[in-house]
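>
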Amino acid sequence: MQSVTRKVGKLMNRGPGDNAKVSVLLNDYEDADRVLAKIIENTKTWQESWNNLVSSQLDIAAVYASLYDPIVGASDGHGRPAQQTSEEQLHRTFALKQAYSELRTELTEGIMSIEKQVMNPALDARNSIAPIRKTIKKRENKRLDVEKCQDKVHKLHRKMPRSPKDEAQLSKSEDELATLNEEFDIADAHLRETLPPIITAAFSLIPPLLATHIRIQNELLGLYYTVLHGYCEENGFQSPPPPMDQVIACWSEDFQPAKKEVELIPMIARGRGLKEPLRLDDGPVGPGGRKLSAPAPTEVVRRTSSGLIGGANGRGRITSGQAPPATSPIPSPQPSPKIGARPDMKSPGYGGHLKPTDFTTASDLGRSPGHVSPSQLRQNSAGDYFAGRVPPSPASTIASNFSQGSSVNGAAVAAKKKPPPPPPKRIPSGKPEEYVIAQYDFAGQGAGDLSFREGDRIKIVKKTQTDQDWWTGEIRGVKGSFPANYCKPA
250 MQSVTRKVGK
260 LMNRGPGDNA
270 KVSVLLNDYE
280 DADRVLAKII
290 ENTKTWQESW
300 NNLVSSQLDI
310 AAVYASLYDP
320 IVGASDGHGR
330 PAQQTSEEQL
340 HRTFALKQAY
350 SELRTELTEG
360 IMSIEKQVMN
370 PALDARNSIA
380 PIRKTIKKRE
390 NKRLDVEKCQ
400 DKVHKLHRKM
410 PRSPKDEAQL
420 SKSEDELATL
430 NEEFDIADAH
440 LRETLPPIIT
450 AAFSLIPPLL
460 ATHIRIQNEL
470 LGLYYTVLHG
480 YCEENGFQSP
490 PPPMDQVIAC
500 WSEDFQPAKK
510 EVELIPMIAR
520 GRGLKEPLRL
530 DDGPVGPGGR
540 KLSAPAPTEV
550 VRRTSSGLIG
560 GANGRGRITS
570 GQAPPATSPI
580 PSPQPSPKIG
590 ARPDMKSPGY
600 GGHLKPTDFT
610 TASDLGRSPG
620 HVSPSQLRQN
630 SAGDYFAGRV
640 PPSPASTIAS
650 NFSQGSSVNG
660 AAVAAKKKPP
670 PPPPKRIPSG
680 KPEEYVIAQY
690 DFAGQGAGDL
700 SFREGDRIKI
710 VKKTQTDQDW
720 WTGEIRGVKG
730 SFPANYCKPA
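If you're matching positions, the sequence shown starts at 250 in this note's numbering and goes up one per residue.
1. Rounded to whole angstroms, what's the CA-CA distance from E279 to R341? Just pull it up for me.
2. Since E683 is in the beta strand (DSSP E), which residue starts that stretch and which ends it?
3. How big is the Cα-Cα spacing for A498 and N276?
4. Which word fits F504, buried or exposed, when buried means at least 16 other C-beta atoms lie within 10 angstroms of its C-beta?
5. Put W719 into one of helix, strand or coil per three-state DSSP.
6. Using the rule of at least 16 other Cβ atoms within 10 Å of the residue's Cβ for burial, across every protein chain shown, is G693 buried or exposed?
7. According to DSSP, is R411 helix, strand or coil?
8. Within this structure, are the beta carbons of R382 and D437 separated by less than 8 Å?
9. Could you have a look at F433 and say whether DSSP puts it in helix, strand or coil?
10. Would you check if the region 362-381 and the region 393-409 touch, i.e. whether three or more CB-CB distances between them fall below 8 Å?
11. Given this structure, state the Cα-to-Cα distance separating T354 from L472, to the nearest angstrom.
12. What residues in its chain sit with their C-beta under 8 Å from that of S624, if we drop five residues either side in the sequence?
13. Around the C-beta of R375, are 16 or more other C-beta atoms found within 10 angstroms, so that it is buried, or is it exposed?
14. Would you identify the three-state DSSP class for F731, choosing helix, strand or coil?
15. Does DSSP put K712 in a helix, a strand or coil?
16. According to the neighbour-count rule (16 or more other Cβ atoms, all chains shown, within 10 Å of its Cβ), is T292 buried or exposed?
17. If we ignore side chains and look at the alpha-carbon of each, how far apart do S350 and W299 end up?
18. Starting from P738, follow the alpha helix (DSSP H) in both directions and report where the run begins and ends.
19. Helix, strand or coil: which one does DSSP assign to P490?
20. For A460, which residues of its own chain have a beta-carbon under 6 Å away from its beta-carbon, when the five flanking residues on both sides are left out?
21. What does the Cβ neighbour count give for G570, buried or exposed, with the cut at 16 atoms within 10 Å?
22. Report buried or exposed for S741, applying the criterion of at least 16 other Cβ atoms within 10 angstroms of its Cβ.
23. Have a look at the DSSP bridge pairing and note the partners of I517.
24. Please tell me whether T384 and L429 are closer than 8 Å, where the distance is taken between their beta carbons.
25. So the alpha helix (DSSP H) E351 belongs to, where does it begin and stop?
26. Do the region 444-453 and the region 280-287 touch if we need at least three Cβ pairs shorter than 8 Å?
27. Quick check on I320: does DSSP put it in helix, strand or coil?
28. Assuming V476 and A348 make a contact with CB atoms under 8 Å, what is their CB distance in whole Å?
29. Tell me the residue span of the alpha helix (DSSP H) that contains E699.
30. What do you get for Y474, buried or exposed, if any count of 16 or more other CB atoms within 10 angstroms of its CB means buried?
31. Are E432 and K391 close, meaning C-beta to C-beta below 8 Å?
32. Would you list the residues sitting across from I707 in a DSSP beta bridge?
33. For V685, does the count of other Cβ atoms within 10 angstroms reach 16, so buried, or fall short, so exposed?
34. Tell me the residue span of the alpha helix (DSSP H) that contains R743.
35. Beta-carbon within less than 8 Å of L356's beta-carbon, same chain only, minus the 5 sequence neighbours each way: which residues are those?
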């Protein structure tokens, strides 16, 4: 509780001993401590920088030496003989490595003197002035106690009338205030006498530290430049170095011949990158500005034959939030024939494998599923469905190349056919029948798939727990599998 009261007293900033002279002394003490801390921190960074500089340049010289040093056994009849580095260049490289190695040895002594001559004196000075901080804190606590007791005495003096108990408490508080004032005066006088010499000694230490810092820096730089100047004089380098424009010109003069030799390599001279820029193909853009990804090799036939994206097993899963993908049939190299009279089956335009389907015979519709192949059953069921929707036409059609959707359109324009027989009556069960409404057109992906159009009412025969799957349904007497996420509850 007493510490809380003292903190409140510090915020009020009033009372005895809080004069301008003591405030100046306290500020000077904080400044001296802050300056010494900065000198220690920055001197440590300066020493680490010199160590990193010397080590890094020696490492660079060692890398150059390893690059130019001949590889032992490289020219023992294995491949093309390597060109040897000139003796002058080898001598310069190894001499540079030797110079930096000697330089690091000589600079290590000067770098270590930084800690001894700058960091340690500053650290000792800061540790020496640290105990006075306890005296400052003790004097501040005494001042806050005096202020607290003064407020208590003033409150009792203003209380009228006072009871005997109040009089006794007032007398006790006045005695306590006198004792606290005496203790505070002793602490304040001790601080006024002790703090100025300490501050003066701390600030007087800073100029010698800076002078030592400058002297060590000059010694390190002088030794550094002396070694490098001697190396340049011995190996024919200019000291000081030439202007940068001249350096770039000399480098370009040596680099251009090597560049031309590399560009004459056939793989580079006739390379693809010489004629075409390095640019990624954006690919085709679908409706709404969306990019269409290229189909996988196993999905090409399914995609082009039904207009749907199928998986490896022919059951491509389509999320309920997406619309059915647009069909993108593969263009045929031959133009699609116009609808007209049925052409000859032996015409060379068919190529022996794209033959028109005859939808004018209704006898196939009466066959049982056990007597026809799955592909015929699929064609018949698709034809039965679309025949009831599209008005019949006497003209025949030819299936579009590589597109089941075109075959369905051709069946819609084909000749009139008899409707399929009604489905057999089923024994009614106690479970109510469920229906769904088709939201998109679906022409089927394989044998056993159920074809429907948007708005059709499909009876559910078998379903799973999720609509992200294939269900079994029935429409117009035809059963088959259909994607559940193409439909919505009826």
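Think of the CB as a built atom: it goes at the ideal place given N, C-alpha and C, for glycine as much as any other residue.
This structure is a prediction, so every number in the text was calculated from the model and none was measured.
Result, derived from the coordinates:
1. Along the sequence shown, read from residue 1 onward, the residue named residue 279 stands at position 30. Along the sequence shown, read from residue 1 onward, the residue named residue 341 stands at position 92. E279 and R341: Cα-Cα distance of roughly 55 Å.
2. Start at 1 with the first residue of the sequence shown, and residue 683 comes out as number 434. Counting along the chain, E683 sits inside the beta strand (DSSP E) bounded by residues E683 to A687.
3. Here the question's residue 498 lines up with position 249 in the sequence shown. Here the question's residue 276 lines up with position 27 in the sequence shown. Going from the Cα of A498 to the Cα of N276 covers about 59 Å.
4. The residue given as residue 504 occupies position 255 in the sequence shown. When all chains shown are included, F504 counts as exposed.
5. Position 470 of the sequence shown, counted from the first residue, corresponds to residue 719. Strand, per DSSP.
6. Within the sequence shown, the letter at position 444 stands for residue 693. Residue burial annotation: G693 is buried, with at least 16 other C-beta atoms found within 10 angstroms of its C-beta.
7. The residue labelled residue 411 in the question sits at position 162 within the sequence shown. DSSP places R411 in the coil class of the three-state scheme, outside both helix and strand.
8. Position 133 of the sequence shown, counted from the start, is the residue given in the question as residue 382. Position 188 of the sequence shown, counted from the start, is the residue given in the question as residue 437. For R382 and D437, no; Cβs fall outside 8 Å.
9. Position 184 of the sequence shown holds residue 433. Note: F433 maps to helix in three-state DSSP.
10. Judged by pairs of C-beta atoms under 8 Å, the region 393-409 does not touch the region 362-381, as fewer than three such pairs exist.
11. Taking the first residue of the sequence shown as position 1, residue 354 is located at position 105. Taking the first residue of the sequence shown as position 1, residue 472 is located at position 223. A direct Cα-to-Cα measurement between T354 and L472 gives close to 11 Å.
12. Looking up residue 624 in the sequence shown gives position 375. Unreliable placement is indicated for S624, whose pLDDT of 45 sits below 50; the coordinate value is still reported in the next sentence. Excluding sequence neighbours, S624 sits near A696.
13. Within the sequence shown, numbered from 1, the residue matching residue 375 stands at position 126. Taking a 10 Å sphere around the C-beta of R375, we find 16 or more other C-beta atoms and assign the residue as buried.
14. In the sequence shown, the residue the question calls residue 731 occupies position 482. Looking at F731 - three-state DSSP - the assignment turns out to be strand.
15. If you number the sequence shown from 1, residue 712 lands on position 463. Of the three classes helix, strand and coil, the one that applies to K712 here is coil, per DSSP.
16. On the sequence shown, position 43 is the one that residue 292 refers to. Classification of T292: buried, given that the 10 Å Cβ count is 16 or more.
17. Reading the sequence shown from its first residue, position 101 is the one you call residue 350. Reading the sequence shown from its first residue, position 50 is the one you call residue 299. One Cα belongs to S350, the other to W299, and the distance between them is close to 14 Å.
18. Start at 1 with the first residue of the sequence shown, and residue 738 comes out as number 489. Element bounds for P738: not the alpha helix (DSSP H) but the beta strand (DSSP E), C736 to P738.
19. Position 241 of the sequence shown, counted from the start, is the residue given in the question as residue 490. Coil, per DSSP.
20. The residue you call residue 460 lines up with position 211 of the sequence shown. Closer than 6 Å at Cβ, skipping near neighbours: no residue.
21. Position 321 of the sequence shown, counting from 1, holds the residue named residue 570. Residue confidence for G570 is low, a pLDDT of 43 falling below 50, so the modelled location carries little weight and cannot support an answer.
22. Since the first residue shown for the chain is 250 and the last is 739, residue 741 is missing from the structure and cannot be characterised.
23. Within the sequence shown, the letter at position 268 stands for residue 517. Its beta-bridge partners do not exist; DSSP assigns none.
24. Taking the first residue of the sequence shown as 1, we reach residue 384 at position 135. Taking the first residue of the sequence shown as 1, we reach residue 429 at position 180. Cβ atoms of T384 and L429: not closer than 8 Å.
25. Position 102 of the sequence shown, counted from the first residue, corresponds to residue 351. Bounds of the alpha helix (DSSP H) holding E351 are E336 to I363.
26. Here the region 444-453 makes contact with the region 280-287; the two share three or more CB pairs at distances below 8 Å.
27. Mapped onto the sequence shown, residue 320 falls at position 71. If DSSP states are grouped into helix, strand and coil, I320 belongs with coil.
28. Counting from 1 along the sequence shown, the entry for residue 476 is found at position 227. Counting from 1 along the sequence shown, the entry for residue 348 is found at position 99. About 6 Å separates the beta carbon of V476 from that of A348, a gap short enough to meet the 8 Å contact definition.
29. Along the sequence shown, read from residue 1 onward, the residue named residue 699 stands at position 450. Correcting the residue identity first, residue 699 is Leu in this sequence and not Glu. First-last for L699: undefined, no H or E at that position.
30. Locating residue 474 in the sequence shown gives position 225, where the first residue counts as 1. It is exposed - the Cβ of Y474 has fewer than 16 other Cβ atoms within 10 Å.
31. The residue you call residue 432 lines up with position 183 of the sequence shown. The residue you call residue 391 lines up with position 142 of the sequence shown. In this structure, K391 lies closer than 8 Å to E432 by Cβ.
32. Within the sequence shown, numbered from 1, the residue matching residue 707 stands at position 458. As a beta-bridge residue in DSSP terms, I707 pairs with V685.
33. Here the question's residue 685 lines up with position 436 in the sequence shown. Burial call: buried.
34. No answer is possible for residue 743: the residues shown for the chain start at 250 and end at 739.
35. Within the sequence shown, the letter at position 107 stands for residue 356. The beta carbon of L356 lies closer than 8 Å to those of W299, V303, L469, L472 and Y473 in the same chain, with the five residues before and after it left out.
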